[in-house]
Amino acid sequence: MLKPLGDRVLVEIIEEAEQKTAGGLYVPDTAKEKSQRGKVIAVGTGKMLDNGTRVALDVKEGDTVYFAKYGGTDVSLEGKNYSILAERDILAIVE
-3 MLKPLGDRVL VEIIEEAEQK TAGGLYVPDT AKEKSQRGKV IAVGTGKMLD
47 NGTRVALDVK EGDTVYFAKY GGTDVSLEGK NYSILAERDI LAIVE
């Protein structure tokens, strides 16, 4: 598994359910946009400030989050899709 560094977060992408248009047509995977929702799998140690102190991240393992559309780096491991994001690319935690 991957261990994010610093203020990075490893998120497993939650694939959206099959999409269907109002007319009853199914949207193929190639026409779908990348999901912006995922589950936090691992977090880094936090951001290092100039004075040497480390600030803990606001997210934790197990959180479901929404993230920026074009944020992060996509990675595929063992048949699952992940994104490595900076904490600033995470927009919200689902409660």
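For the sequence shown, position 7 (counting from the first letter as 1) is numbered 3 according to our numbering, and the numbering increases by one without interruption.
Backbone N, C-alpha and C define an ideal beta-carbon position, used for all residues, glycine too.
On a predicted model such as this, the values are computed, not experimentally measured, just so you know.
Self-check item: Bridge partners - Tyr66, DSSP secondary structure assignment
Solution: Beta-bridge annotation (DSSP): Tyr66 is not paired with any residue.
Quiz item: Tell me, which residues are paired with Ala79 by DSSP?
Solution: First, the amino acid is wrong: residue 79 is Ser here, not Ala. Ser79 is bridged to Val7 and Asp70.
Exercise. Write down the C-beta distance between Val36 and Val61 rounded to the nearest angstrom, noting that I regard them as a contact closer than 8 Å.
Key: 6 Å
Quiz prompt | Extent of the continuous beta strand (DSSP E) to which Ala88 belongs | solution = Ile86 to Val90
Practice problem: Please classify Leu45: is it buried, with 16 or more other beta-carbons within 10 angstroms of its beta-carbon, or exposed? | Solution: exposed
Quiz item: Out of Lys76, Lys43 and Asn77, which has the shortest C-alpha to C-alpha gap to Arg4?
Solution: The closest CA to that of Arg4, considering only Lys76, Lys43 and Asn77, is found on Lys43.
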